[in-house]
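S.K.: Chains as they are written, first to last, in the numbering used here: chain A, 1 to 339; chain B, 1 to 353; chain C, 1 to 285. The C-beta atom is built at its ideal place from N, Cα and C for all residues, glycine as well.
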Amino acid sequence: MSEPTNRSSIASGSHPRHRFFRGVLDRLTIGLSMGGVVMMFGILLLIFAVLLNGAWMAIGHIGWKFFTTSTWNPVPGMDKYGVLAFAYGTAVTTFIALLLAVPLSIGCAVFITRLAPPWLAAPVSFLLELLAAIPSVVYGLWGAFVMSPWLQTHFEMWMWKALRNIKWIPVGHYPGHRTEYFPANLVHGGPSGSDFLAGGLILTIMILPIITAITRDVLQQFPEELEQGAYGLGATWWQTTRLALTYCRVGIFGAAVLGMARAIGETMAVVMVIGNTDRISSSLFAGGQTMAGVFVNEFLEADHPIYLSAMMYVALTLLVSALLTNLAARVLLNRIAPS
Amino acid sequence: MFKAFHKFLMVAAPAALLAIGTVGTSRAVEISGAGSTFVAPIMYKWMKIFQKSHPNIKVDYEAIGSGGGINGLIGKTINFCGSDAYMSNAQIKQAGGAVLHMPEVAGPEVMSYNLPMVHKQLVMNGKLIADIYLGEVTRWNDPAIKKLNPGVKLPDLPILVAHRSDGSGTTFIFTGYLCKVSPTWKKQVGQSTSVNWPVGRGGKGNPGVAALIEKTRGGLGYLEYAYAITGHFPVARLINKDGYAIQPSMPSVIAAQKAVVENLPADLRLHIINPSGKKAYPISGFTYLIIDRDLGYMSKTKAKATLEFIHWILTKGQKYAKTMQYIRLGPAMQKKVLAQLAKATWKGQHLSY
Amino acid sequence: MILADTSTDISQKAHGAGTHGLTGTVPVTTSATAARQAVEVQNLEVFYGQHRAVHNVNLKINHREVTAFIGPSGCGKSTILRCFNRMNDLVKHCRVQGSVKIHGADIYARGTDVMELRKRTGMVFQKPNPFPKSIHENVAYPLRIHGVRGKAVIAEKVEKSLRLAGLWDEVKDRLHASALSLSGGQQQRLCIARAIAVDPDVLLMDEPCSALDPIATKTIESLINELSKTITIVVVTHNMHQAVRVAHQTAFFYMGNLVETGPTDKIFHNPVQHQTLAYVTGQFG
Ligand SMILES: Nc1ncnc2c1ncn2[C@@H]1O[C@H](COP(=O)(O)OP(=O)(O)OP(=O)(O)O)[C@@H](O)[C@H]1O
Ligand SMILES: [Mg+2]
Chain A
1 MSEPTNRSSI
11 ASGSHPRHRF
21 FRGVLDRLTI
31 GLSMGGVVMM
41 FGILLLIFAV
51 LLNGAWMAIG
61 HIGWKFFTTS
71 TWNPVPGMDK
81 YGVLAFAYGT
91 AVTTFIALLL
101 AVPLSIGCAV
111 FITRLAPPWL
121 AAPVSFLLEL
131 LAAIPSVVYG
141 LWGAFVMSPW
151 LQTHFEMWMW
161 KALRNIKWIP
171 VGHYPGHRTE
181 YFPANLVHGG
191 PSGSDFLAGG
201 LILTIMILPI
211 ITAITRDVLQ
221 QFPEELEQGA
231 YGLGATWWQT
241 TRLALTYCRV
251 GIFGAAVLGM
261 ARAIGETMAV
271 VMVIGNTDRI
281 SSSLFAGGQT
291 MAGVFVNEFL
301 EADHPIYLSA
311 MMYVALTLLV
321 SALLTNLAAR
331 VLLNRIAPS
Chain B
1 MFKAFHKFLM
11 VAAPAALLAI
21 GTVGTSRAVE
31 ISGAGSTFVA
41 PIMYKWMKIF
51 QKSHPNIKVD
61 YEAIGSGGGI
71 NGLIGKTINF
81 CGSDAYMSNA
91 QIKQAGGAVL
101 HMPEVAGPEV
111 MSYNLPMVHK
121 QLVMNGKLIA
131 DIYLGEVTRW
141 NDPAIKKLNP
151 GVKLPDLPIL
161 VAHRSDGSGT
171 TFIFTGYLCK
181 VSPTWKKQVG
191 QSTSVNWPVG
201 RGGKGNPGVA
211 ALIEKTRGGL
221 GYLEYAYAIT
231 GHFPVARLIN
241 KDGYAIQPSM
251 PSVIAAQKAV
261 VENLPADLRL
271 HIINPSGKKA
281 YPISGFTYLI
291 IDRDLGYMSK
301 TKAKATLEFI
311 HWILTKGQKY
321 AKTMQYIRLG
331 PAMQKKVLAQ
341 LAKATWKGQH
351 LSY
Chain C
1 MILADTSTDI
11 SQKAHGAGTH
21 GLTGTVPVTT
31 SATAARQAVE
41 VQNLEVFYGQ
51 HRAVHNVNLK
61 INHREVTAFI
71 GPSGCGKSTI
81 LRCFNRMNDL
91 VKHCRVQGSV
101 KIHGADIYAR
111 GTDVMELRKR
121 TGMVFQKPNP
131 FPKSIHENVA
141 YPLRIHGVRG
151 KAVIAEKVEK
161 SLRLAGLWDE
171 VKDRLHASAL
181 SLSGGQQQRL
191 CIARAIAVDP
201 DVLLMDEPCS
211 ALDPIATKTI
221 ESLINELSKT
231 ITIVVVTHNM
241 HQAVRVAHQT
251 AFFYMGNLVE
261 TGPTDKIFHN
271 PVQHQTLAYV
281 TGQFG
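As structure tokens, this is what we get:
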């Protein structure tokens, strides 16, 4: 930390007083950033404490069964709370979103940085930033009134016709002993437009801009010398691009993690299209629910103590799983980062 | 699908504009309420008009959901609460034991469906609706539906059941109705702001449910009257307790109020579910203004202002209900509610307003 | 003149360094291999938009010799060099006229496989630019992109290239360490190893030593001498001593024109043009 300061003050031959101020500034900056870190940590701890406190009653009453059951019945007196279906919904929709958004985003970013002529790249970039700024409730309404009907009558219909009779691998049984086969099970129940697939797709659309924007930024950091070096060895455009992508992989991975965080925490848009049921199904056409979704749906009207506490338990689960996935991402990141 | 989106905008935009319009003067007494989103559009309108004749009172209302409003009342952070569900005994106890429920307007609930090939208005009854929501009747050409709609050519389509996914007073009233007409429903599912739905898909808010219905041929769901009427969604006539098929409308809901007013509970905690009468529509609820019976926790001026605002809503404010597609209080009902308001005190003393 | 016997000098130094088993052949051949031309440039004109950077250049570069390009900054040395492997294709608004033949084939002819051309014409840049991969992977990269498969084959080629580049002994124990952990001189030799891994006929070097200290520069120079036994080398340099030490032939450019070309000896001791004399004696540039 101090070394560059010294060097620069020597280089500019600065007056001792300047050096003194620079020292104070240094210390101030360090102090402020340390303070920021401490505060962030404190806030996180505080959130955790508040959620834990709120969920305490539910933890006592429901315990581990919360994670192994999927019935959600908040009717006073019936009171059954299991988060499994919601956790499944979060996992499935996030997975679909990343599966589609990451390659698409990389494609978009490559197009903007390495393919499109400047007169096209600039407006596309601008559009991208615009998309990232649209509030999620607008995505949700668009999803419910435009995407979902289209999905149901076109894409899902086509997918259903294509897959419903393809039975390669038996993977289980439906209630009533009919065998469930892959991949026909993915379209079981027929097109509905309000399902895991719709939830995953709306998330894809929502995280696409942010992943693309970051990927674009890191791709622009790819050094000209390496580009020249690769071409000079006879690399094709595609091979050079691959080199650039490998060079930028850490940044791209980070972009994907950010996208994932947004997908896990997204509420309104998903709620508008996912069908909001507490069921677990291997069918992409089945209705489901995410943890963040159930929260935005029911929190405000959670009208008796155990119900409210169970909601807090959901929030706590969401927080912990978000922290864990981020941690896992960090570990992975350290693995792929160049030493 | 764009039509439906347009419909949504028609409903949402005026509410938003009204919300912007409520800017108050600075030297006024400020009172704040919170709760029901259902009542928000007319509440904003009331606030705006009330402001004109009462420049010294500034009302603020936050549509955070009925549950949130009730919590505000329990925590004494607001002066009045708007709620579509009345408070449970436990909640009243939490709030200190004595609250006053004052119905302000009524809101019927309608069964809306998407069967473009059927040109005649459908008729349904409580048992049928319960069976559909239990997953026992699954197709539109089921004999049970045919029987209620002789001469109507019903398609061989699955019924796509839609319900609210967010906790709401609307669901509370709807499931209350199903409990009343179906013992099975009462036993298996029950009544609450959210329940464990045996079948169907959930949509968030009226727009969410409307989107689910509109999207798929064969869709069916319950909507708030105001939303359905503004958006011109097709609605079914419902057979009431005495066997009459009733169109959801202002007269039929006022008739329903009349039917229950005779044997109202003393604290006015009720929904107008399955009343008898020739013209009474079977599913409507009140949306309530709830306050502490004794307003001692706020200043005297605030208490006065609160009572004044509520009194105004219950009297002069009623005439604005119609244009906003809410159903006003019938005269008999209004009398009962005003009597309820008269019970309010401030540190034991009755205030004039 | 001091510069007179540097060419013999260098061979001794390279030999004496003994780091990579040079055979000690003195690279002062001028006429023996001059019969064949590796590169033949005719009426070359290069434009950057409206600006003409290279004007009517005619030049022959001898097979398996070292040719140095000298001249003041901005005179077009790099531009011409980049015409030899068509790197100018990547520069917007750059237009090339005339013909460049490598081993008789016009590389600007229609249907030329540019990737194949660049494979046969390796390039080393001013600033060492190893990829952020391991040492091994850097040298393996050109092999892989040109379709060489098989771990053993690649490992063998990598070793051969690293040996040729005189780097093998220094890195053989850490082939899988990051290339960025090498010193600047080592990095530049790695880049040379990378360029020669696919056995190019021609090696283009654009000021390969300008970012290096004198010792690293010496090492690269002896490497150039050694490589020129099998590869035709064109090296752009601002260092006149370097040109004398490594080059058989020297071409002097001035403001986009080729002023004079000939055996290094002659250019430095007995140039025909007075501009050349002025430049090599340090009167301008
Ligand atoms: N990409 C480019 N776009 C426009 N003009 C260029 C470009 N590259 C080079 N030039 C111009 O072409 C001329 C020759 O440049 P070049 O780089 O070939 O010179 P050089 O002899 O290699 O100089 P130096 O010794 O400084 O490297 C210069 O006037 C330069 O400004
Ligand atoms: Mg140059």
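Please identify, using Cβ separations under 7 Å, the residues of the stretch 208-239 of chain A that lie next to chain C, in order along the chain.
M.R.: For the stretch 208-239 of chain A, which is checked against every Cβ of chain C, the residues closer than 7 Å are E225, L226, Q228, G229, Y231, G232, L233, G234, A235, T236 and Q239.
S.K.: Straight-line CA distance for K279 (chain B) to Y181 (chain A)?
M.R.: Translated into positions along the second sequence, residue 279 (chain B) becomes position 279. Translated into positions along the first sequence, residue 181 (chain A) becomes position 181. Taking the straight line from one Cα to the other gives about 54 Å.
S.K.: Does any residue of chain B have a CB that is nearer than 8 Å to the CB of W168 (chain A)?
M.R.: Along the first sequence, one-based indexing puts residue 168 (chain A) at 168. Chain B contact via Cβ: absent.
S.K.: Is H51 (chain C) near ligand 1, with its Cβ less than 7 Å from a heavy atom?
M.R.: Start at 1 with the first residue of the third sequence, and residue 51 (chain C) comes out as number 51. Yes; taking the cut-off as 7 Å, the Cβ of H51 (chain C) has a heavy atom of ligand 1 nearer than that.
S.K.: Closer than 5 Å is what we want: which residues have a beta carbon that near any heavy atom of ligand 1? List them in chain order.
M.R.: C:Y48, C:A53, C:S73, C:G74, C:C75, C:G76, C:K77, C:S78, C:T79 and C:V91
S.K.: Can you find a CB in chain A that lies within less than 8 Å of the CB of G33 (chain B)?
M.R.: To locate residue 33 (chain B), count along the second sequence from 1; it is residue 33. Chain A, which has no Cβ nearer than 8 Å to the Cβ of G33 (chain B), makes this no.
S.K.: Find out if the Cβ-Cβ distance for the pair P108 (chain B), I273 (chain B) is shorter than 8 Å.
M.R.: Residue mapping note: residue 108 (chain B) aligns to position 108 of the second sequence, counting from 1. Residue mapping note: residue 273 (chain B) aligns to position 273 of the second sequence, counting from 1. Taking C-beta atoms as the reference points, P108 (chain B) and I273 (chain B) fail to come closer than 8 Å.
S.K.: Answer with buried or exposed for I30 (chain A), where buried requires no fewer than 16 other C-beta atoms within 10 angstroms of its C-beta.
M.R.: Residue 30 (chain A) sits at position 30 when you count from the first residue of the first sequence. Residue environment: I30 (chain A) is assigned as exposed (fewer than 16 neighbouring CB atoms within 10 Å of its CB, all protein chains considered).
S.K.: Does the beta carbon of Y313 (chain A) sit closer than 8 Å to a beta carbon anywhere in chain C?
M.R.: Translated into positions along the first sequence, residue 313 (chain A) becomes position 313. No, because no Cβ of chain C sits closer than 8 Å to the Cβ of Y313 (chain A).
S.K.: Quick check on the burial criterion: 16 or more other C-beta atoms within 10 angstroms. Buried or exposed for E260 (chain C)?
M.R.: Mapped onto the third sequence, residue 260 (chain C) falls at position 260. Per the 10 Å Cβ criterion, buried.
S.K.: Against chain A, which members of the stretch 70-84 of chain B pass a CB distance test of less than 8 Å?
M.R.: I70
S.K.: Does the pairing of the stretch 81-90 of chain A with the stretch 304-315 of chain A give three or more beta-carbon distances under 8 Å?
M.R.: With three or more CB-CB distances shorter than 8 Å, the stretch 81-90 of chain A counts as touching the stretch 304-315 of chain A.
S.K.: To which residues of the same chain is K7 (chain B) closer than 6 Å at the C-beta, ignoring the five residues directly before and after it?
M.R.: The residue you call residue 7 (chain B) lines up with position 7 of the second sequence. Since pLDDT at K7 (chain B) reaches only 45, below the 50 mark, its modelled position is unreliable, and the value read off the structure follows with that caveat. The residues are G231.
S.K.: Just the C-alpha distance for V118 (chain B) and I96 (chain A), rounded to the nearest angstrom, thanks.
M.R.: Looking up residue 118 (chain B) in the second sequence gives position 118. Looking up residue 96 (chain A) in the first sequence gives position 96. Their Cα atoms are separated by approximately 38 Å.
S.K.: Please decide whether V99 (chain B) counts as near chain A, where near means a Cβ-Cβ distance under 8 Å.
M.R.: Taking the first residue of the second sequence as 1, we reach residue 99 (chain B) at position 99. So, not an interface residue.
S.K.: Against V271 (chain A), what residues of chain B qualify as contacts under a CB-to-CB distance less than 9 Å, listed in chain order?
M.R.: Locating residue 271 (chain A) in the first sequence gives position 271, where the first residue counts as 1. Going along chain B in sequence order, the residues near V271 (chain A) (Cβ under 9 Å) are S165, D166, G202, G203, K204 and G208.
S.K.: What does a CB cutoff of less than 8 Å around M324 (chain B) pick up in its chain, not counting 5 residues either side in sequence?
M.R.: The residue given as residue 324 (chain B) occupies position 324 in the second sequence. Cβ neighbours of M324 (chain B) beyond the five flanking positions: P41, I42, K45 and A226.
S.K.: Let me make sure I understand the geometry here. Which of B:K302, B:Y326, B:G151 and B:A130 has the alpha-carbon closest to that of V105 (chain B)?
M.R.: Locating residue 105 (chain B) in the second sequence gives position 105, where the first residue counts as 1. Checking every option, the nearest Cα to that of V105 (chain B) belongs to B:Y326.
S.K.: Can you tell which of A:W142, A:A184, A:A133 and A:G193 has the C-alpha that lies nearest to the C-alpha of T153 (chain A)?
M.R.: Here residue 153 (chain A) corresponds to residue number 153 of the first sequence, with the count starting at 1. Comparing alpha-carbon positions, the option among A:W142, A:A184, A:A133 and A:G193 lying closest to T153 (chain A) turns out to be A:G193.
S.K.: Let me check understanding here. Comparing Cα to Cα, which of A:P103, A:G143, A:T212 and A:Y174 lies closest to S281 (chain A)?
M.R.: If you number the first sequence from 1, residue 281 (chain A) lands on position 281. The option with the nearest alpha carbon to S281 (chain A) is A:Y174.
S.K.: Tell me which residues share the same chain as A344 (chain B) and place their Cβ nearer than 7 Å to its Cβ, disregarding the 5 neighbours each side in the sequence.
M.R.: As a first step, residue 344 (chain B) must be located in the second sequence, where it is residue number 344. L100, I291, R293, L295 and L307, listed in sequence order.
S.K.: Which full runs of the alpha helix (DSSP H) of 4+ residues lie inside the stretch 168-221 of chain C, going along the chain?
M.R.: Counting whole runs of 4 or more residues, the stretch 168-221 of chain C contains the alpha helix (DSSP H) stretches 168-171 and 184-196.
S.K.: Please report the distance separating the alpha-carbon of L201 (chain A) from that of S148 (chain A).
M.R.: The sequence position of residue 201 (chain A) within the first sequence is 201, counting from 1. The sequence position of residue 148 (chain A) within the first sequence is 148, counting from 1. Put simply, the backbone Cα of L201 (chain A) is about 10 Å away from that of S148 (chain A).
S.K.: Flag T193 (chain B) as yes if its beta-carbon sits less than 8 Å from any beta-carbon of chain A, otherwise no.
M.R.: Here residue 193 (chain B) refers to the residue found at position 193 when the second sequence is read from its first residue. Taking Cβ atoms only, chain A reaches closer than 8 Å to T193 (chain B), which makes this a yes.
S.K.: Residues of chain A with CB closer than 8 Å to the CB of A195 (chain C), please, in chain order.
M.R.: Numbered from its first residue, the third sequence carries residue 195 (chain C) at position 195. Ordered by position in chain A, the residues that pass the 8 Å Cβ test against A195 (chain C) are G232 and L233.
S.K.: Counting only C-beta atoms, is Y247 (chain A) closer than 8 Å to chain C at any point?
M.R.: As a first step, residue 247 (chain A) is located in the first sequence; it is residue number 247 there, counting from the start. It does: the Cβ of Y247 (chain A) has a partner Cβ on chain C nearer than 8 Å.
S.K.: Which of helix, strand or coil does DSSP assign to Q249 (chain C)?
M.R.: Residue 249 (chain C) sits at position 249 when you count from the first residue of the third sequence. Q249 (chain C): strand per DSSP, three-state reduction.
S.K.: Would you check if the distance between the CB atom of V75 (chain A) and the CB atom of V195 (chain B) is smaller than 8 Å?
M.R.: Position 75 of the first sequence, counting from 1, holds the residue named residue 75 (chain A). Position 195 of the second sequence, counting from 1, holds the residue named residue 195 (chain B). Yes, they are a contact pair.
S.K.: Mind the definition here: the stretch 333-347 of chain B touches the stretch 307-323 of chain B only if three or more C-beta pairs lie below 8 Å; say whether that holds.
M.R.: Contact holds between the stretch 333-347 of chain B and the stretch 307-323 of chain B, because three or more Cβ pairs, one in each stretch, are under 8 Å apart.
S.K.: Cβ closer than 7 Å: which chain C residues qualify as neighbours of I243 (chain A)?
M.R.: Here residue 243 (chain A) refers to the residue found at position 243 of the first sequence. Sequence check: residue 243 (chain A) is Leu here, not Ile. Per Cβ cutoff of 7 Å: F131.
S.K.: I want to check one thing, is the minimum distance from the CB of V236 (chain C) to the heavy atoms of ligand 2 below 7 Å?
M.R.: In the third sequence, residue 236 (chain C) corresponds to position 236, counting from 1. Yes, the Cβ of V236 (chain C) comes within 7 Å of a heavy atom of ligand 2.
S.K.: Run through chain A and tell me which residues come within less than 8 Å of M115 (chain C), C-beta to C-beta.
M.R.: Residue mapping note: residue 115 (chain C) aligns to position 115 of the third sequence, counting from 1. Those are G234, A235 and T236, listed as they occur along chain A.
S.K.: Taking the beta carbon of A35 (chain C) as the centre, do at least 16 other beta carbons fall within 10 Å, making it buried, or is it exposed?
M.R.: Position 35 of the third sequence, counted from the first residue, corresponds to residue 35 (chain C). With a pLDDT of 47 at A35 (chain C), under the threshold of 50, the modelled position of this residue cannot be trusted; read the value that follows with caution. Classification for A35 (chain C): exposed.
S.K.: Is C75 (chain C) helix, strand or coil by DSSP?
M.R.: Within the third sequence, numbered from 1, the residue matching residue 75 (chain C) stands at position 75. DSSP, reduced to helix, strand and coil, places C75 (chain C) outside both helices and strands of the structure shown, so it counts as coil.
S.K.: Please list, in chain order, the chain A residues whose beta carbon lies closer than 8 Å to that of H146 (chain C).
M.R.: Your numbering for residue 146 (chain C) matches position 146 in the third sequence. Going along chain A in sequence order, the residues near H146 (chain C) (Cβ under 8 Å) are G234.
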